[in-house]
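Colleague: In this text, residue positions in the sequence shown follow the numbering used here: the first is 2, and each later residue adds one. Glycine included, C-beta positions come from ideal geometry on N, C-alpha and C.
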Amino acid sequence: MLEVFAVISLCRVNRRNALARGRKPGGFIALTIILWVVFEFIGMIAGTIILGSDNGYLTVLLIALPCAGLGGLISFLIAKNCPQGNYVDPSTIAKPVMTVGPNGAPIYGNPNIPAYQMQQVPVQPMQPVQPMQPVQPVQGAGPVAGMRYCRYCGAANNSTSKFCESCGQNIE
Ligand SMILES: [Zn+2]
């Protein structure tokens with residue numbers, strides 16, 4: 002049972018080392034278990050040949066387990082010194098989060114870029130709206146007798162009108 006825990010912890014170490022080198026850890030975990038089991042098996046056979054079939058306990062303790070440890074050490078060295086890859090552990094990638102920017106538009110997080118790398122997009126402040134200039138009466142048209150011209154929009158109104166017929170402003 003102790004041996005199982007040893008293999009599990011070694012798998013964890015190799016997984017971490019493989020991820021640190023940007024490699025997918027699945028193959029390294031399988032390799033760890035295979036190397037451990039194969040080396041232990043070879044150790045059992047070698048031990049049985051050396052010590053005889055009557056010394057099963059000594060064979061396991063003195064030969065098979067050290068062989069398994071050697072297999073584990075090889076898997077450790079392979080995971081530790083494997084060629085650099087560009088694999089990223091999915092559990093370390095930030096999930097896309099929808100947020101609302103200052104302009105009210107939704108901002109979607111890119112699942113391939115960690116949140117801390119996302120760039121802040123500067124928002125341009127809104128320009129104040131220029132007040133509307135009153136429209137000047139058309140030059141050259143000349144005022145017509147009996148008409149009142151709105152000083153806001155220049156429209157001609159009947160002299161009896163209190164409010165501009167065009168823009169509704171008080172023209173009295
Ligand atoms: Zn008017």
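1. Buried or exposed, going by whether 16 or more other CB atoms sit within 10 Å of the CB of Pro126?
2. Considering only C-alpha positions, which residue in the set Ile75, Glu173, Ala157, Glu166 is nearest to Thr33?
3. Using 7 Å as the cut-off, classify the Cβ of Gln128 as near or not near the heavy atoms of ligand 1, replying yes or no.
4. Opposite Met148 in the DSSP bridges: which residues?
5. Would the beta-carbon of Asn104 fall within 8 Å of that of Val124?
6. Could you name the residues of the same chain whose beta carbon sits closer than 8 Å to that of Ile43, not counting the 5 residues immediately before and after it, in chain order?
7. From Ala19 to Ile46, what distance separates their C-alpha atoms?
8. Evaluate the contact criterion for the region 48 to 67 versus the region 78 to 88: three or more CB pairs, one atom per stretch, below 8 Å.
9. Between which two residues does the alpha helix (DSSP H) carrying Arg16 extend?
10. Between Val39 and Gly72, is the Cβ-Cβ spacing less than 8 Å?
11. Measure the alpha-carbon distance for Phe77 versus Ala106 and round it to whole angstroms.
Modeller: Reading off the structure:
1. Residue mapping note: residue 126 aligns to position 125 of the sequence shown, counting from 1. Its Cβ having fewer than 16 others within 10 Å, Pro126 is exposed.
2. Here residue 33 corresponds to residue number 32 of the sequence shown, with the count starting at 1. If we check each option's Cα against that of Thr33, Ile75 comes out closest.
3. For the purposes of this step, residue 128 is identified with residue 127 of the sequence shown, where counting begins at 1. Answer for Gln128: no, Cβ out of range of ligand 1.
4. As a first step, residue 148 is located in the sequence shown; it is residue number 147 there, counting from the start. Beta-bridge pairing links Met148 to Asn159.
5. Within the sequence shown, the letter at position 103 stands for residue 104. Within the sequence shown, the letter at position 123 stands for residue 124. For Asn104 and Val124, yes; Cβs fall inside 8 Å.
6. Reading the sequence shown from its first residue, position 42 is the one you call residue 43. If we look at Ile43 and ignore the five residues flanking it on each side, its Cβ neighbours are Cys68.
7. Your numbering for residue 19 matches position 18 in the sequence shown. Your numbering for residue 46 matches position 45 in the sequence shown. Computed Cα separation, rounded: 31 Å.
8. no
9. Along the sequence shown, read from residue 1 onward, the residue named residue 16 stands at position 15. Counting along the chain, the alpha helix (DSSP H) containing Arg16 begins and ends at 3 to 21.
10. As a working note, residue 39 is residue 38 in the sequence shown. As a working note, residue 72 is residue 71 in the sequence shown. Going by C-beta atoms, Val39 is nearer than 8 Å to Gly72.
11. On the sequence shown, residue 77 is found 76 positions in, with the first residue counted as 1. On the sequence shown, residue 106 is found 105 positions in, with the first residue counted as 1. So the alpha carbons of these two residues sit roughly 50 Å apart.
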